[in-house]
Structure formats: C-alpha cells, structure tokens
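Worksheet for the structure shown next.
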Amino acid sequence: MDQPLLVFVTVAEMQNFSRAAEQLHMTQPAVSQHIAALERQLGTRLLERSNKYVRLNKAGEIVYHHAKEILGLHARMTDLVNDLLHTPSGNLVIGSSYTFGEYVLPHVIARMRSLYPMIKPTISIHNTKEIVELIGSRQLDVGIVEGECRDEKLCIEPFADDEMQLIVSPHHRLAGKETVKPEELEEETWIVREEGSGTREAAEKMFDRLDVHPQNLMEFGSTQIIKESVEAGLGISLLSTWAIRKELKLGTLCLVRLQETPVRRKFSVVTQANQFRTKALELFLELLRNHEALPGSADRYK
1 MDQPLLVFVT
11 VAEMQNFSRA
21 AEQLHMTQPA
31 VSQHIAALER
41 QLGTRLLERS
51 NKYVRLNKAG
61 EIVYHHAKEI
71 LGLHARMTDL
81 VNDLLHTPSG
91 NLVIGSSYTF
101 GEYVLPHVIA
111 RMRSLYPMIK
121 PTISIHNTKE
131 IVELIGSRQL
141 DVGIVEGECR
151 DEKLCIEPFA
161 DDEMQLIVSP
171 HHRLAGKETV
181 KPEELEEETW
191 IVREEGSGTR
201 EAAEKMFDRL
211 DVHPQNLMEF
221 GSTQIIKESV
231 EAGLGISLLS
241 TWAIRKELKL
251 GTLCLVRLQE
261 TPVRRKFSVV
271 TQANQFRTKA
281 LELFLELLRN
291 HEALPGSADR
301 YK
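Residue numbers for the sequence shown follow the UniProt record's numbering, beginning at 1 and rising by one.
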C-alpha cells in the first residue's frame, strides 16, 4: 500500500488535516509529513490550504483521480490473493442506478450477507451515466444499470427484465379511465428524472414512440420525490413497477390504461472487461443472476 497516496486521498475527501488524521488513526504532523513527501516527489503543490479549508488544486485533481484508481487496484490485488488462501471475504464496492439500487439490491445484499458474512459490501447509488463512468475509472467493482448502455471498454451483461408503468394520483382525471389516448398525455405536467438516468431515457423513448411532446416537465433527481409528487397531484410519471409496487397495493398511486404500456427495458450488470474477478464478485454476480424475485417480477404487482 502506498501510504502517502492513501493519506492524500483521505485529506482530499475530508478537506481537513485533523479529520483525516482521526480517520487514519495518525497524528496530524504525520499526515502533514506524508503530504509534504508526496508533493516533493511530484515537484508541485497539490492542495490549497487556508485556516478554513483544504482544497485540491489542478495538479491535486489529477493526482486524486489516479490515486483512487491505484488504491482500488491494490485492494483488488489483495482480495484476489486472499481468495486463494481463505474463504470468500473482502470488500466489494457496488454501484447501482436508483431503481435497482433502492428497491431490489438490498434483498440481494441481505441474501449474500446471510451466506457469506465475511464479504463486506459498500453500495453507491448514482444514475446510469455516472455508474458507467465510475466503473471505467475503476472506482467500483461492479455496477447495475437500467436501460441501454454501451461501452466497448466494459463488459455489459443484461440479466433481468423490468417493466415501467404510467402512474397518476388516484384523484387525477386519467385515473380509472377505460382507455387513454396518447394525445391526452401531451397537456399533462410530466415529472421526470435527470439527464443521464435510465428512467429518463425510457420516458423520452416513449415520448418519441407515441409522438408526444410534453410542454411542461418537472425534473427531479430521486424516484422517491417523483412518487411523492405524483401522489400529491403535481403531475404524472413513468416509473418501474419495482419502485411503485407498495403504492399500488396501498392505492396511493394508480396505473394509466395506455395501450403502449408497460414499457419494457433491461437491467444490466457492468464490470471491467477481461479483469480478474475476486471470489466475492463472482459470488455476488451468481446471486444477482439467480435472485428469485427477478424472473417475471413485474407480473407480481399488477
């Protein structure tokens, strides 16, 4: 392990020498010495310091980006060697897009923890675009994304189907209608996810297919906020059946009877291409592909 790099990354993330020292169980002078040694080695300052903050300068941003990758590679190397000698263990850094990460992944993790308690998962929730970027920079061991995803440098494997439904408040004018025509949707306020989200991509593809051009869009960065907003009558939305199953059972959300729904898409798992895989990663992928709730999952909540 390159100790100065670890200290530098910790200081950059904590933005404070004292908090970094506490996190690393070191003294503050020792932290300062490591930073000074790294700056001497590279021949430039990496941090802007004041009494109130510690920030990366341009050189620091470059070093931080590569240091994260180097430390991640070192951790994976250690885990691979440990796999040869011990039972499955070690850290597993998982990234997931919001729908799968918030509504499906916790059940997979619970199963993994019951079978392999020495594997220690860390979960980050981001949109699809961000997950792909983090896999590419080796900051994640594995990612789960929704919708279409292409990157020649990564291994992308569809593993489960998802269905998306058009939802409204029970008090909305479209709730309970026998059939709804596409042109009726154009005048509605649509509540959508941010650019880069697989859910946003699915909504835009549906707009194109139906030749619908909504004039009023509200953009939110969380599925939960979208559900609450639809329940409150602020507008309508297209969300995964996974995300709305509880609300449908409780009757706080209603499906719109549109001939073109449900909208179908895939969940995909993303890893580095041609990488050595730890035993922890292999076991997680096996549990993911065989998760009992995934096949035909959307049908369970209609």
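Backbone N, C-alpha and C define an ideal beta-carbon position, used for all residues, glycine too.
If you check the CB distance, Thr278 and Asp79 come in under 8 Å. Per DSSP, Val212 lies in no beta strand (DSSP E) and is assigned neither H nor E. Assigned with DSSP and collapsed to three states, Phe284 falls in helix. Across the structure, His213 and Leu38 are spaced so that their CA atoms are roughly 55 Å apart. Taking all protein chains in view, the Cβ of Asn216 is surrounded by fewer than 16 other Cβ atoms within 10 Å, so the residue is classified as exposed. Counting of Cβ neighbours within 10 angstroms places Thr241 among the buried residues, the total reaching 16 or more. Counting of Cβ neighbours within 10 angstroms places Ser229 among the buried residues, the total reaching 16 or more. Rounded to the nearest whole angstrom, the C-alpha separation of Ile70 and Ala30 is 22 Å.
Looking at the backbone, the Cα of Met77 and that of Phe284 are separated by about 18 Å.
For Leu217, DSSP records a beta bridge to Trp190.
Note that the C-beta distance between Gly147 and Ala67 is not below 8 Å.
The Cβ-Cβ distance between Phe220 and Ile191 falls below 8 Å. For Glu157, the uninterrupted beta strand (DSSP E) run begins and ends at Leu154 to Val168, by DSSP. Distance from the Cα of Cys149 is smallest, within the candidate group Ile226, Asp211 and Gly198, for Gly198. In the pairwise beta carbon analysis, the stretch 149-165 is classified as not touching the stretch 112-125: fewer than three pairs are separated by under 8 Å. Inter-residue distance for His65 and Glu282 is about 27 Å (C-alpha atoms, whole angstroms). Looking from the CA of Arg193, the closest CA among Pro121, Lys129, Cys254 and Pro182 belongs to Lys129.
Contact between Ser268 and Pro158 holds: CB atoms are separated by about 5 Å, below the 8 Å threshold. Remark: C-beta atoms of Gly101 and Ile135 do not approach each other more closely than 8 Å.
If the five residues before and after Gln3 are omitted, its C-beta is found closer than 7 Å to the C-beta atoms of His34, all from its own chain and listed in chain order. Relative to Arg138, the option among Val104, Ala110, Ile94 and Asn127 whose CA is nearest is Ile94. Residues of the same chain with a CB within less than 7 Å of the CB of Lys177, apart from the 5 flanking positions on each side, are Arg257 in chain order. The shortest C-alpha to C-alpha distance from Glu61 to any of Leu92, Tyr103, Ala232 and Val11 is the one to Val11. Cβ-Cβ distances below 6 Å link Ile109 to Pro121 in the same chain, with the five nearest sequence neighbours on each side left out; the list follows chain order. Rounded to whole angstroms, the separation of the alpha carbons of His107 and Ile167 is 25 Å.
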